[in-house]
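Note sheet for the following structure.
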Amino acid sequence: MKEESKLIRTQTERSPNREHSVPLYLTSSFIFDDAEQGRAIFAEEIGGNIYSRYSNPNTTEFIKKVCDLEGAEDGLAFASGMAAVFASFAGLLRSGDHIVSFRSIFGSTHQLLTQFLPRWGITSTYVDALNPEGWEAAIRPETKMIFLETPSNPGLELVDLEVLGKLKAKYPHIILNVDNCFATPYLQKPILYGADIVSHSATKYMDGQGRVLGGVLVGRKELIKDLLFFIRHTGPAMSAFNAWIFSKSLETLALRMDRHCSNALKVAELLEKNSEVEQVRYPFLPSHPQYELAKRQMKQGGGIVTFVIKGGYDRAVRFMDALEMILLTSNLGDSRTIATHPASTTHSKLSAGERKQIGIFPGSIRISVGLESIDDITEDILRAIESSK
Numbered sequence: 010m011k012e013e014s015k016l017i018r019t020q021t022e023r024s025p026n027r028e029h030s031v032p033l034y035l036t037s038s039f040i041f042d043d044a045e046q047g048r049a050i051f052a053e054e055i056g057g058n059i060y061s062r063y064s065n066p067n068t069t070e071f072i073k074k075v076c077d078l079e080g081a082e083d084g085l086a087f088a089s090g091m092a093a094v095f096a097s098f099a100g101l102l103r104s105g106d107h108i109v110s111f112r113s114i115f116g117s118t119h120q121l122l123t124q125f126l127p128r129w130g131i132t133s134t135y136v137d138a139l140n141p142e143g144w145e146a147a148i149r150p151e152t153k154m155i156f157l158e159t160p161s162n163p164g165l166e167l168v169d170l171e172v173l174g175k176l177k178a179k180y181p182h183i184i185l186n187v188d189n190c191f192a193t194p195y196l197q198k199p200i201l202y203g204a205d206i207v208s209h210s211a212t213k214y215m216d217g218q219g220r221v222l223g224g225v226l227v228g229r230k231e232l233i234k235d236l237l238f239f240i241r242h243t244g245p246a247m248s249a250f251n252a253w254i255f256s257k258s259l260e261t262l263a264l265r266m267d268r269h270c271s272n273a274l275k276v277a278e279l280l281e282k283n284s285e286v287e288q289v290r291y292p293f294l295p296s297h298p299q300y301e302l303a304k305r306q307m308k309q310g311g312g313i314v315t316f317v318i319k320g321g322y323d324r325a326v327r328f329m330d331a332l333e334m335i336l337l338t339s340n341l342g343d344s345r346t347i348a349t350h351p352a353s354t355t356h357s358k359l360s361a362g363e364r365k366q367i368g369i370f371p372g373s374i375r376i377s378v379g380l381e382s383i384d385d386i387t388e389d390i391l392r393a394i395e396s397s398k
């Protein structure tokens, strides 16, 4: 089946009740038929659910759908996207290891690399997207992982996955770890380029309606097995209810992403023509410095547009406050259009110099373009630009 069909048709085996829609398995533990079955499941001689901290039919279904989309062998579900990212570090690395990371990463991931992992003897080096040679130059004998997001949050810089895949082949002991949240597996598949593991904040486009938190990691079976040991004993498990929501939402991912991308491109084109806007970033705009790369490795440009409004911080605040339909929140990937001021919210813990390095300026606005009528979205943006002068 095509992936759009798989998203709809993949589901947990029906129970004797012959349900059409997969039920919620709201149970903490699972019953063994006899003592021998319990022993065999714990010994991993046979498969089976034990405890919902380990696995649950709802999380299993959700993971299977993401694996099918990404082309992955196995996966794990987490309570949040950051829990998944943290597990990919803490569950696979040890003291003395080194990470090479793309500089333009989410603020909380930056805090993990610079504030938390060094406490346990794990160091990191940042490289820039526009300097492909910098990745290999940053590799040390103790380097065990390459980490990146593409497109980045919120600067929408891209990393050439083909280049990184070739580098991974040259250093097979290094784990290539890709955060694919902004693109979703519908638009981009890092595993096809050689990624070992791929993470998502399922809270974003996989839910798509701003309801529940969750994260997911998929990738090579042996790495997921190592991570399973880690999460069984640390407990960042996704709830069955959230997994049920995500799995049902994935049925419409393709439809939603097509509309997000269509609307976002129109918003980007409109902003680029506006004299009150200094800069617009959107991967499928020809003016994007990595436009050709975006066309090679992404199906469409995604649902995020970032622009810099003239007048700096004060003008940005006036613009945000002038919006009427568009919501102000730090989330993204919602059916409703959202505006965020990264410098004062999601990336506020970075220094001004660090923000500038990854393309965040006082006047930067991130728009997560929703599914509303494009006329209503653009009318609200243009009105807010005019009234904020």
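All residue numbers for the sequence shown refer to the working numbering, where the first residue is 10 and numbers rise by one. All C-beta atoms in this analysis are idealised placements derived from N, C-alpha and C, irrespective of residue type, glycine included.
- By the 16-neighbour rule on beta-carbons within 10 angstroms, PHE250 is exposed.
- The continuous alpha helix (DSSP H) containing GLN306 extends over residues 300-306.
- For ILE335, the closest C-alpha among the options PHE71, TYR300, ASP385 and GLN299 is that of ASP385.
- Cα atoms of TYR60 and GLY100: separation of roughly 20 angstroms, rounded to the nearest angstrom.
- ALA273 places its beta carbon less than 7 angstroms from that of VAL314.
- Of all alpha-carbon atoms in LEU232, ARG229, ARG241 and GLY321, the one lying nearest the alpha-carbon of ARG62 is that of ARG241.
- Membership of ARG241 in the alpha helix (DSSP H) is indicated by the continuous run 230-243.
- For LYS153, the CB contacts under 8 angstroms within the same chain, skipping 5 residues up- and downstream, are LEU101, LEU102, ASP106, HIS107, ILE108, HIS182, ILE183 and ILE184 in chain order.
- Nearest neighbour of PHE95 by Cα position, chosen from LEU139, VAL378, THR243 and GLY80, turns out to be THR243.
- Taking the Cα of VAL31 as reference, the smallest distance to any Cα among TYR322, SER344, GLY312 and ILE254 is reached at ILE254.
- SER339 and THR354 have their alpha carbons spaced roughly 7 angstroms apart.
- In this structure, the alpha-carbon of SER161 lies about 11 angstroms from that of GLY116.
- Judged by beta-carbon spacing, ALA192 lies within the 7 angstroms limit of MET307, meaning their Cβ atoms are closer than that value.
- Here LEU226 is not near ALA44, since their CB atoms are 7 angstroms or more apart.
- Around the beta carbon of ALA361, fewer than 16 other beta carbons lie within 10 angstroms, which makes this residue exposed.
- Counting only runs of 3 or more residues that sit fully inside the segment 142-221, the beta strand (DSSP E) segments are 152-158, 184-188 and 206-210, in chain order.
- Across the set VAL317, LEU391, THR387 and ARG324, the C-alpha of VAL317 shows the shortest separation from the C-alpha of ARG375.
- By the neighbour-count criterion, in which a residue is buried when 16 or more other Cβ atoms sit within 10 angstroms of its Cβ, GLU70 is buried.
- Linking LEU237 to ALA146 through their CA atoms gives a straight-line distance of about 32 angstroms.
- Between GLU13 and PRO194, the alpha-carbon positions lie close to 11 angstroms from each other.
- By the criterion of at least three beta-carbon pairs nearer than 8 angstroms, the segment 50-59 is not in contact with the segment 207-223.
- Contact between ASP83 and THR19 is absent: CB atoms are separated by about 15 angstroms, not below the 8 angstroms threshold.
- Per DSSP, the unbroken beta strand (DSSP E) holding SER377 starts and ends at 373-377.
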